Amino acid sequence: MEAFTVVMPVHNEEKFLPLSLPSIYNLNPSEVILIFDRCTDRSLEVTKECSSRHRFCENTKFVEVTEEVCRRVLSLPVHPLVDRKAIKYVLDVLKDISSSR
Numbered sequence: 000m001e002a003f004t005v006v007m008p009v010h011n012e013e014k015f016l017p018l019s020l021p022s023i024y025n026l027n028p029s030e031v032i033l034i035f036d037r038c039t040d041r042s043l044e045v046t047k048e049c050s051s052r053h054r055f056c057e058n059t060k061f062v063e064v065t066e067e068v069c070r071r072v073l074s075l076p077v078h079p080l081v082d083r084k085a086i087k088y089v090l091d092v093l094k095d096i097s098s099s100r
């Protein structure tokens, strides 16, 4: 199988991570990138425990999203059409928000 990377956003998923992570690791990806979006539960701790149990920790990257990152990253839902005007509008709003702080 060709090498591939799994990127998974995580937001307060501590109950599901013990189920989903082993299934991801069983696919034998070359790396796993977990993006923790301001979790208020034990998602990060549960993930680290599960990753080390499956001996996959060396190929797992843990990225914690901070407020600063949120201001700089545009996250889009899956959609077949992305309108340039909509993207420009969102970026303008984010710029206005950033400049008002």
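Going by numbering that gives the first Met the number 0, the residue at position 85 of the sequence shown is 84; the numbering climbs one at a time, nothing skipped.
The beta-carbon is built from N, C-alpha and C at its ideal position, and this holds for glycine as well.
Keep in mind the model is a prediction, meaning the values are calculated, not measured.
- Distances from the CA of Ser29 to each of Leu90, Met7, Thr59 were compared; the closest alpha carbon is that of Thr59.
- The three-state reading of DSSP puts Pro17 in helix, counting H, G and I together.
- Within the DSSP bridge table, the entry for Leu33 names Met7, Phe61 as partners.
- Scanning Val5, Phe61, Ser50 for the CA closest to the CA of Arg37 turns up Phe61.
- In the DSSP assignment, Leu43 falls within the unbroken alpha helix (DSSP H) covering 42-52.
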